[in-house]
Amino acid sequence: AQKVTQAQTEISVVEKEDVTLDCVYETRDTTYYLFWYKQPPSGELVFLIRRNSFDEQNEISGRYSWNFQKSTSSFNFTITASQVVDSAVYFCALSQWVTGGGNKLTFGTGTQLKVEL
Amino acid sequence: DAGITQSPRHKVTETGTPVTLRCHQTENHRYMYWYRQDPGHGLRLIHYSYGVKDTDKGEVSDGYSVSRSKTEDFLLTLESATSSQTSVYFCAIGGGREKLFFGSGTQLSVL
C-alpha cells in the first residue's frame, strides 16, 4: 500500500528564515511521481512541482527548492527567506498508475506553515 | 490556470437527501478525479474517470457514485447524504504524463 508521511503538523517561523518541510513516502512501484501542492487560506490547491522517480536531480525555483532522495524515500521542500505570503498548508503526494493510465494521488496529511513578521 | 469549474461552491443539505456536485473542464482532458478533504486525512480519492463512461472507484467510494457522459463533465452524486460526508470536495484533471490540477473546491455541509 502507498503511504505519505508528513510528520510536521505545524511549523512557525519568522519572516526571512529558511524552512524545510519533510515528506517521506512508501511505495512498491518502480515508476511513480511525487508532488507538492500549496493550499493558502483561500482554500485552492496550487500545484508546485511534480518529480519523476527516475529523476533525482534537485530542483530550484526561485525561493523554493526540492530535495529528492530515493535511498531514503524522501522528497523534502525548502523555502528560503520565507515570507508571510508563504503561510499555507503544504501537501506532499505520491502517484500510482490506475486503470486507463491516469494517476491516483495519495496525499500526506499536510504541514501548516505560519510565517510571522 | 487549468479550466476547471466546480459547482456549487457551497451547499448545505439535510441528511438523507440526494446531492450532485458538478465538475466542468475546458481542457479536453481524458482523466478526471473526485477527492474529499478532511482534517487529519489530507485528500482522499473518491472516484476517477479515464474517459467518457469509464470510471472506477478510489479509496473512499462508499456512498458515492459518479457519471461522465461528456468529456468535459464529471458528476459526483451522494445518493443519500450523511453527516460523515460533510467535507470539502475537489475535482482534479490531468495525470498520466501531465500535471494534475485541482478545481476550487465545494464545501458541503450535511445537517
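In order, the protein sequences belong to chains A and B.
Its first residue numbered 1, the first sequence is counted upward by one per residue in this note's numbering.
Its first residue numbered 118, the second sequence is counted upward by one per residue in this note's numbering.
Each residue gets a CB set at the ideal place from its N, CA and C atoms; glycine is no exception.
Near-chain A residues of the segment 200-211 of chain B (beta-carbon distance less than 9 Å), N- to C-terminal order: 205, 207, 209 and 211
Could you name the residues of chain B that residue 104 of chain A contacts, counting a contact when the two beta carbons are closer than 7 Å? The residue given as residue 104 of chain A occupies position 104 in the first sequence. Going along chain B in sequence order, the residues near residue 104 of chain A (Cβ under 7 Å) are 162, 165 and 175.
Measure the alpha-carbon distance for residue 5 of chain A versus residue 75 of chain A and round it to whole angstroms. The count along the first sequence starts at 1 and reaches residue 5 of chain A at position 5. The count along the first sequence starts at 1 and reaches residue 75 of chain A at position 75. Roughly 11 Å between the two C-alpha positions.
Note down the Cα distance separating residue 158 of chain B from residue 109 of chain A, rounded to an integer number of angstroms. Indexing the second sequence from 1 puts residue 158 of chain B at position 41. Indexing the first sequence from 1 puts residue 109 of chain A at position 109. Going by the C-alpha atoms only, they are around 5 Å apart.
Since residue 50 of chain A meets chain B, which of its residues come closer than 7 Å, beta carbon to beta carbon? Locating residue 50 of chain A in the first sequence gives position 50, counting from the first residue. Identification of chain B residues near residue 50 of chain A by a Cβ-Cβ cut-off of 7 Å yields 216, ordered along the chain.
If you draw a straight line from the alpha carbon of residue 132 of chain B to that of residue 29 of chain A, how long is it in whole angstroms? For the purposes of this step, residue 132 of chain B is identified with residue 15 of the second sequence, where counting begins at 1. For the purposes of this step, residue 29 of chain A is identified with residue 29 of the first sequence, where counting begins at 1. The alpha-carbon atoms of residue 132 of chain B and residue 29 of chain A are separated by roughly 40 Å.
Give the residues of chain B in contact with residue 45 of chain A, contact being defined as C-beta atoms less than 7 Å apart. The residue you call residue 45 of chain A lines up with position 45 of the first sequence. Contacts between residue 45 of chain A and chain B, judged by CB atoms closer than 7 Å, involve 207 and 219 in chain order.
Going by alpha carbons, who is nearest to residue 169 of chain B out of B/178, B/192 and B/207? As a first step, residue 169 of chain B must be located in the second sequence, where it is residue number 52. In terms of CA proximity to residue 169 of chain B, B/192 leads the group B/178, B/192 and B/207.
By DSSP, does residue 201 of chain B sit in helix, in strand, or in coil? Start at 1 with the first residue of the second sequence, and residue 201 of chain B comes out as number 84. Of the three classes helix, strand and coil, the one that applies to residue 201 of chain B here is helix, per DSSP.
Residue 179 of chain B (DSSP reduced to helix, strand or coil): Counted from its first residue, the second sequence places residue 179 of chain B at position 62. It is coil, neither helix nor strand.
Secondary structure at residue 30 of chain A, three-state DSSP: helix, strand or coil? The residue labelled residue 30 of chain A in the question sits at position 30 within the first sequence. Note: residue 30 of chain A maps to coil in three-state DSSP.
Going by DSSP, name the residue or residues bridged to residue 150 of chain B. As a first step, residue 150 of chain B must be located in the second sequence, where it is residue number 33. The partner list for residue 150 of chain B (beta bridge, DSSP) reads B/165 and B/209.
Any idea what DSSP makes of residue 98 of chain A, helix, strand or coil? Against the first sequence, residue 98 of chain A aligns to sequence position 98. Residue state, collapsed to three classes: coil.
In chain B, what lies closer than 9 Å to residue 24 of chain A by C-beta? The residue labelled residue 24 of chain A in the question sits at position 24 within the first sequence. The contacting residues do not exist; residue 24 of chain A stays about 14 Å from chain B at best.
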